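Read in order, the letters of the sequence shown are residues -22 to -1, 1 to 205 in mature numbering (1 follows the signal peptide of the UniProt record, and there is no 0).
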Amino acid sequence: MESKGSILIKLLLLLNISLVLCASQDFDFFYFVQQWPGSYCDTQKSCCYPTTGKPAADFSIHGLWPNYNDGSYPSNCDPNNPFQESEISDLTSSLQSNWPTLACPSSDGIDFWTHEWDKHGTCSESVLKQHDYFQAALSLKEKANLLKALTSAGIQPDGQSYSLSSIKGAIKDAIGFTPFIECNVDTSGNSQLYQVYLCVDTSGSNLIDCSVFPNGKCGSDIEFPSF
């Protein structure tokens, strides 16, 4: 017959194993999503510049989103770990430049970053704490310089139309991985380059080939609006 002490030790060991399993990474990859501000603003909904002023004419971060290989994704994983502005105080300036909000009414970006952390970031906190999560996104943007990739291939944000295949090809040639391109519709009803999805491993550090792409498609020719 086991002593109470040995039973207690076994229970504690089981509890520890359970906690480790719960804390393990529970997703297969990240989507790293960047958006073109000209396409965000050139819609019926329009946009509002952040309180810090008009962002640069460059792709900006939308989010770093944990995903599963079957196309589904986790969300709002830990309501007990809300966004803390103090955690990213050293990154605020860089976030305002690279991860600005264009939603109305104008704001400083805190609500946007709060939403992204609460919905997506908390689902990756077993591998990326809050500061690491935002730092990872900033580092990925530097690594995946989309505007440079496109302009180097002669694809300019000039309001002209370009073939979808040439846009994908330019990004793959520069970055090494095939992107998913999401389009939206401008005020005249034309399809335009809106968001670019790249896939990232579960460490949040390395670009990888995508195992699955989101739903949706663009036309064969799409506009690249100015901003």
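The C-beta atom is built at its ideal place from N, Cα and C for all residues, glycine as well. Small disclaimer: the values here were computed from a predicted structure and weren't measured.
Q: Say whether the stretch 63 to 82 touches the stretch 27 to 41, bearing in mind that this needs 3 or more beta-carbon pairs closer than 8 Å, one atom from each stretch.
A: yes
Q | Whole-number beta carbon distance between I66 and Q12, since they are thought to touch under 8 Å | A | Q12 to I66, Cβ: 19 Å. No contact.
Q | Element boundaries [alpha helix (DSSP H), containing Q12] | A | First-last for Q12: F7 to Q13, but that is the beta strand (DSSP E), not the alpha helix (DSSP H).
Q) Which of helix, strand or coil does DSSP assign to Y46? A) coil
Q) Anyone know if the C-beta pair for L176 and I200 falls short of 8 Å? A) no
Q: Determine the direct distance from the alpha carbon of Q22 to that of S166, and round the result to whole angstroms.
A: 9 Å
Q) What separation, rounded to the nearest whole angstrom, lies between the Cα atoms of Y51 and G132? A) 35 Å
(Q) Check whether the stretch 109 to 116 and the stretch 127 to 147 touch, using three or more Cβ-Cβ pairs below 8 Å as the test. (A) no
**Q.** Status (buried if at least 16 other CB within 10 Å, exposed otherwise) for A148
**A.** buried
Q | Distance, F61 Cα to W91 Cα | A | 8 Å
Q.
Between G41 and S102, how many whole angstroms is the CB-CB distance? I'm expecting something under 8 Å.
A. With 8 Å as the limit, G41 and S102 do not qualify as a contact, their Cβ atoms being about 11 Å apart.
Q) What residue ranges within the stretch 77 to 115 form continuous alpha helix (DSSP H) runs of no fewer than 4 residues, ordered along the chain? A) 88 to 97
(Q) As a quick exercise: from G197, D136 and C82, pick the residue whose alpha carbon is nearest that of F205. (A) D136
(Q) I need the straight-line Cα distance from K195 to D110, nearest angstrom please. (A) 32 Å
Q) Can you tell me whether C188 is buried or exposed, with buried defined as 16 or more other CB within 10 angstroms of its CB? A) buried
Q) In three-state terms, what does DSSP make of S169? A) strand
Q. Which residue comes first and which comes last in the alpha helix (DSSP H) that contains S144?
A. L142 to I153
Q | 8 Å Cβ cutoff, K23 in contact with chain B | A | Absence of chain B from the displayed structure is noted, only one protein chain being present.
Q. Can you tell which of C26, G16 and N54 has its C-alpha closest to the C-alpha of D4?
A. N54
**Q.** V155 versus L185 - alpha carbon distance
**A.** In the sequence under discussion, the amino acid at residue 155 is Phe, which differs from the Val named in the question. Approximately 8 Å between the Cα atoms of the pair.
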